[in-house]
Amino acid sequence: MAPEGGRNRLKVMVAVDGSPPSARAVDMAGRLIQGRDGAQVILIHCVSGMSGDLFVGLDAVYRFMEESERLGRSILDAAARRLPEPRPPVLQLLHRGDPGREIVAVAREQRPDLLVVGRRGLGRLQAALLGSVSSYVIEHWDGPVLVVQ
């Protein structure tokens, strides 16, 4: 895969959530960038907000936010460690909000040559009810997307 403009650089953005499909997406990105001079990897993890109508108090909200950010950073660090040596520059981004929307927004800012996402394999009914991050990204991002199962 030759990046646009014929340059020997490859900027790959990978959405990670700590799941096995996400780990396989990181592994695939690692294979694509291995041996390329000037390759760059962007890892993004999105933390969803609290859901539900129950008011739990500000202390609980702050604890939830701190814990979800700690877990998100841990997921990003683990994903970065999966990349092959010598590792290219890795930008780790932790965002809060809807994963599909955040991934597409960051991709529009960063303009990766390739966006890699894992597919969780939700059934049709689950995907219709819950939505699918990979489906959202494919529909809303105008660049190449690699979906890894």
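The sequence shown begins at 548 in this note's numbering and counts up by one. Backbone N, C-alpha and C define an ideal beta-carbon position, used for all residues, glycine too.
Cβ-Cβ separation, residue j to residue i (assumed contact under 8 Å), whole Å
i    : j    : result
P691 : L662 : 7 Å
V559 : P659 : 6 Å
L557 : I591 : About 17 Å separates the two Cβ atoms, so there is no contact after all.
G509 : Y683 : Because residue 509 is not part of the residues shown, which for the chain are 548 to 696, the question remains open.
P633 : Q587 : Not really, about 13 Å apart at Cβ, beyond 8 Å.
Limits of the beta strand (DSSP E) - the one that residue i falls within
i    : result
G565 : First-last for G565: undefined, no H or E at that position.
L693 : 692-695
Q587 : 587-594
Whether residue i touches residue j by CB criterion (9 Å)
i    : j    : result
V694 : H642 : no
V637 : I685 : no
V664 : H687 : no
G622 : G565 : Note on identity: in this sequence residue 622 is Ile, with Gly being the wrong assignment. Yes; because the gap between Cβ atoms is below 9 Å, this pair is in contact.
Q696 : R655 : no
R617 : Q639 : no
heavy atom of the ligand ZN below 8 Å from residue i C-beta
i    : result
V561 : For the structure depicted, the ligand ZN is absent and the ligand set is empty, with no information on it obtainable.
The alpha helix (DSSP H) enclosing residue i, as first and last residue numbers
i    : result
L623 : 605-629
E686 : 680-687
Write down every uninterrupted run of the beta strand (DSSP E) in the stretch 644-671 whose length is 3 residues or greater and which is fully enclosed by it, in chain order. 661-665
Tell me, please, whether the stretch 615-634 touches the stretch 567-580 by the rule of three or more beta-carbon pairs shorter than 8 Å. yes
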